[in-house]
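Using our numbering, the first residue of the sequence shown is number -14, and each one after it goes up by one.
For each residue, glycine too, the CB sits at the ideal point set by N, CA and C.
A quick note: this is a predicted structure, and the numbers were derived from the prediction, not measured.
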Amino acid sequence: MTASISDVSGQTFDYVVIGEKTSGLTVAARLSEDPNVTVAVLEAGSANLDDPLIDVPAQFGKQFGNPKYSWEYSTLPQKTANDKVYKWPRGKTLGGSSAINYFMWTKPPTVDIDAWEKLGNSGWSAARFFEYSRKVEKFHPPTDEAVAKANLQVFRPEAHGYDGPLDISFPAASAMEIPFQKALANAGVKVAKDPLNGDPFGVTMVPNSHHPVKRTRTSAATAFYLPNKDRENFKVLPDAHVNRIVIKSSGNNSDVEAEGVEFEHQGQIHIVKASKEVIISAGTLQTPQVLELSGIGDKRILEPFGIKTLVDLPGVGANMQEHSFVSLISELEPSLTNKSLDILRTDPDYAKEQLALFGKGESLFHIGLSSTAFEPLKTMAGEASAQEMIQRQKARVQTQIESGLLSKSLQEQYKLQLEKLENNQSGDCELILIPFGAVPSVVQKGRSCVSITSALNLPFSRGTIHIKSTNPRDQPIVDPHTFEDTFDLDVMTATFKFVRKLSDVEPWKSIITKEVFPGPSVQSDEDIHNYLKEGLVTTYHTAGTASMLPRELDGVVDPKLRVYGTKNIRVVDLSIVPLHIASHTQATAYTIAEIAADMIKGVI
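Put into structure tokens, the structure is as follows:
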């Protein structure tokens, strides 16, 4: 089904795409719609098609830790987080992380996308973003029965696309959805007005990348590879690990030009040539590695490794931003014992029975993650406390500016972040219902749990991702600088306290019996801070390491996604996001690729 090495090695294509991940497969398939255009896609992972561990919704998370499906990155010890080393899985398969994520289909607030344009990126308006986000979707409206069962209060037909290749639908709802939503309403959280069209603030149930009839995962592989795999002009080669971009020799002071890509396949080195462009879609963790190994990046990083600096771009690998979360886990009352997905992990016989029902009758394996709430800080901390925290952060930022500690780029970014905080337009805080015990150590036979995660979406901390060596097989150094800015810790503390208070709010109070993680011993702010540092989990939404910003603001790509100082190299993935968003990121990854494809075609 996929290409052979002879289809690619030594051949010339119009476009060579590095990475068949969410964005890479999307942009490649769109470019190959023109039969006169040839496209090759190189992916280091394997195909893993028709794999139940990927396709079945309630299997989410089981791919993590398995090198067949995931690149198992780890961070440096985080100095401002108890020297904790965090795991950082990424999709190692056809479709990238769209094949191993938690399915949730959300879109950013209008204000978050408008911020990109304010940072100097003409053409990246919210209006265009939402238009292109609909292009990818084949949305299946919920049935009346599903609306009633899952309390789907908000469904706006105009917010969705219906003719795209990616099936989007609402998953089966767990028994905990309505109690969660009603408890949030009783705690002062409003229903989201327009969650998929620019106003996600409030509680809602979001759709998933999920086929409504087959009940299986949809991904970049199902949407953009499988329907197009027989195109003669579209070659997708898995197990191809990119070493570097091959650059043409050129005179001094001229933009560099890519002529191809060097890669390794089954122990042999090969080159594929590009007559028009090389497109990097390796993902936020690996895109900076590809650039740096190709001589494009901060010369202070490259020179110690003996890499000739072809384009000095200090922004490569910088401005890393990530969503993070922690979980509060409660034990369910006895009548809900078989409603938590924990039983699928603790009772193999029951899991086998439920798997036999998959795609047929009612099955726990149909259940996805759906209920969520994006909220400003004031909802979590209260108006007075939130304002105090925001003013304290403004003062801290001003002190950093006066001390010369902030780059011009960060000054511009922080200005926008603070404006959103002050105007209650920042979806900094997110709550997600997870219908099982989200920490493996609490899952045990005879116990059924439910989790509410507290997520930080718009951190002030900024990290870096850089090469470890000149060996492309060495994973890059991932250093997120977790909680380096203490405002992030304060926001997560406020959100965690809000979640804990839900234990006394009906009807949530009636469906749980006790908190089992982190447990009642964690009470003081010091205890909570320690718990946050030890229990933090990445949400796998890393962004920013090849930011779309003006070059003088440490940008890596321009608004057309061309790498500065190059003639024909673009980046198309979440690494171009200059300022993070209050949203799960897969819809954004697809949208970036849809926009990029039309930019490359000259449509926009």
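Three-state secondary structure (DSSP) of residue i
{"i": "Trp90", "result": "coil"}
{"i": "Ser315", "result": "strand"}
{"i": "His250", "result": "strand"}
{"i": "Asn228", "result": "strand"}
{"i": "Asn408", "result": "coil"}
{"i": "Gly291", "result": "coil"}
{"i": "Asp489", "result": "helix"}
{"i": "Glu122", "result": "strand"}
{"i": "Ser31", "result": "strand"}
{"i": "Asp385", "result": "Here the sequence assigns Gln to residue 385, which means Asp is not the residue at that position. Reduced to three states, the DSSP call for Gln385 is helix."}
{"i": "Val507", "result": "coil"}
{"i": "Arg285", "result": "helix"}
{"i": "Ile497", "result": "strand"}
{"i": "Ala625", "result": "Any question about residue 625 goes unanswered here, given that the chain covers just -14 to 589."}
{"i": "Gly520", "result": "helix"}
{"i": "Met305", "result": "strand"}
{"i": "Arg377", "result": "helix"}
{"i": "Glu244", "result": "strand"}
{"i": "Thr471", "result": "helix"}
{"i": "Thr78", "result": "strand"}
{"i": "Val651", "result": "Since the first residue shown for the chain is -14 and the last is 589, residue 651 is missing from the structure and cannot be characterised."}
{"i": "Val132", "result": "helix"}
{"i": "Asp512", "result": "helix"}
{"i": "Val174", "result": "coil"}
Boundaries (first-last residue) of the alpha helix (DSSP H) holding residue i
{"i": "Lys261", "result": "Looking at the DSSP string, Lys261 is not in any alpha helix (DSSP H); the run it does join, the beta strand (DSSP E), is 253 to 265."}
{"i": "Arg547", "result": "It is not in any alpha helix (DSSP H) - Arg547 carries neither H nor E in the DSSP assignment."}
{"i": "Gly187", "result": "It is not in any alpha helix (DSSP H) - Gly187 instead sits in the beta strand (DSSP E) that spans 187 to 190."}
{"i": "Ser(-9)", "result": "-10 to -7"}
{"i": "Val96", "result": "95 to 103"}
{"i": "Ile39", "result": "37 to 40"}
{"i": "Val12", "result": "7 to 16"}
{"i": "Ile580", "result": "571 to 586"}
{"i": "Asn323", "result": "Asn323 -> no alpha helix (DSSP H), and no H or E assigned at all."}
{"i": "Ala168", "result": "162 to 171"}
{"i": "Thr272", "result": "272 to 278"}
Counterpart residues of residue i in DSSP-defined beta bridges
{"i": "Phe502", "result": "Ile314"}
{"i": "Thr438", "result": "Ser312, Ile417"}
{"i": "Tyr58", "result": "Trp73"}
{"i": "Met533", "result": "Val542"}
{"i": "Ile452", "result": "The partner list for Ile452 (beta bridge, DSSP) is empty, contrary to what the question assumes."}
{"i": "Asn193", "result": "Met89, Ser154"}
{"i": "Met365", "result": "Its beta-bridge partners do not exist; DSSP assigns none."}
{"i": "Phe(-2)", "result": "Ala259"}
{"i": "Leu222", "result": "Leu27"}
{"i": "Arg113", "result": "Arg113 pairs with nothing; no bridge assigned."}
{"i": "Arg330", "result": "In the DSSP output, where bridge partners are listed per residue, Arg330 has none listed."}
{"i": "Gln63", "result": "Lys69"}
{"i": "Ile352", "result": "Ala157"}
{"i": "Ile589", "result": "Looking at the DSSP assignment, Ile589 forms no beta bridge with any residue, so it has no partner."}
Any non-hydrogen atom of the ligand NAD closer than 8 Å to residue i Cβ
{"i": "Thr11", "result": "This structure does not include the ligand NAD; it has no bound ligands of any sort."}
Residues near residue i by beta carbon distance below 6 Å, same chain, minus five either side
{"i": "Gly245", "result": "Val231, Ile256, Val257, Lys258, Ala259"}
{"i": "Lys552", "result": "Asp240, Glu242"}
{"i": "Pro290", "result": "According to the sequence displayed, residue 290 carries Phe and not Pro. So the list reads Thr455, once near-sequence residues are dropped."}
{"i": "Tyr399", "result": "Val382"}
{"i": "Ser279", "result": "Arg229, Ile230"}
{"i": "Ala578", "result": "Ser8, Thr11, Val12, Val557"}
Residue range of the beta strand (DSSP E) that includes residue i
{"i": "Thr357", "result": "356 to 360"}
{"i": "Ala555", "result": "It should be noted that the sequence gives Arg, not Ala, for residue 555. That run of the beta strand (DSSP E) goes 554 to 556."}
{"i": "Ile566", "result": "Neither: Ile566 is in no beta strand (DSSP E) and is coded neither H nor E."}
{"i": "Ile462", "result": "462 to 464"}
Close-in-space but distant-in-sequence residues of the same chain around residue i (CB under 7 Å, 5 per side omitted)
{"i": "Gly344", "result": "Lys199, Arg200"}
{"i": "Trp405", "result": "Correcting the residue identity first, residue 405 is Lys in this sequence and not Trp. Around Lys405: Val96, Ser411."}
{"i": "Lys494", "result": "Ser488"}
{"i": "Thr60", "result": "Val70, Tyr71, Trp73, Val463, Asp464, Pro465"}
Item to complete: For the segment 309 to 325 and the segment 155 to 165, state whether three or more C-beta atom pairs, one from each stretch, are separated by less than 8 Å.
Response: yes
Discussion item. Using 8 Å as the cut-off, can you tell me whether the segment 391 to 410 makes contact with the segment 421 to 431, which would need three or more C-beta pairs spanning the two stretches below that distance?
Written reply: no
Practice prompt. Assess, as a yes-or-no matter, whether the segment -13 to 2 is touched by the segment 37 to 48 under the definition of 3 or more beta carbon pairs within less than 8 Å.
Written response: no
Worksheet entry | Given 8 Å, three or more beta-carbon pairs between the segment 144 to 152 and the segment 106 to 113 | no
Worksheet entry | Cβ pair count under 8 Å reaching 3, the segment 519 to 538 against the segment 558 to 571 | yes
Worksheet item: Is the number of C-beta pairs between the segment 307 to 319 and the segment 428 to 446 that are closer than 8 Å three or more?
Response: yes
Fill in: Validate contact between the segment 206 to 215 and the segment 88 to 105 using beta carbons, cut 8 Å, 3 pairs
no
Discussion item. Check whether the segment 117 to 135 and the segment 284 to 300 touch, using three or more Cβ-Cβ pairs below 8 Å as the test.
Written reply: no
Worksheet item: Do the segment 462 to 474 and the segment 438 to 449 touch if we need at least three Cβ pairs shorter than 8 Å?
Response: yes
Worksheet item: Pairing CB atoms from the segment 362 to 379 with CB atoms from the segment 474 to 482, are three or more of them under 8 Å?
Response: yes
Discussion item. With three or more C-beta pairs closer than 8 Å as the rule, is the segment 12 to 28 touching the segment 208 to 228?
Written reply: yes
Worksheet item: Three or more C-beta pairs closer than 8 Å, one from the segment 389 to 406 and one from the segment 334 to 351: is that the case here?
Response: no
Worksheet item: Do the segment 170 to 177 and the segment 330 to 341 make contact, defined as three or more Cβ pairs closer than 8 Å?
Response: no
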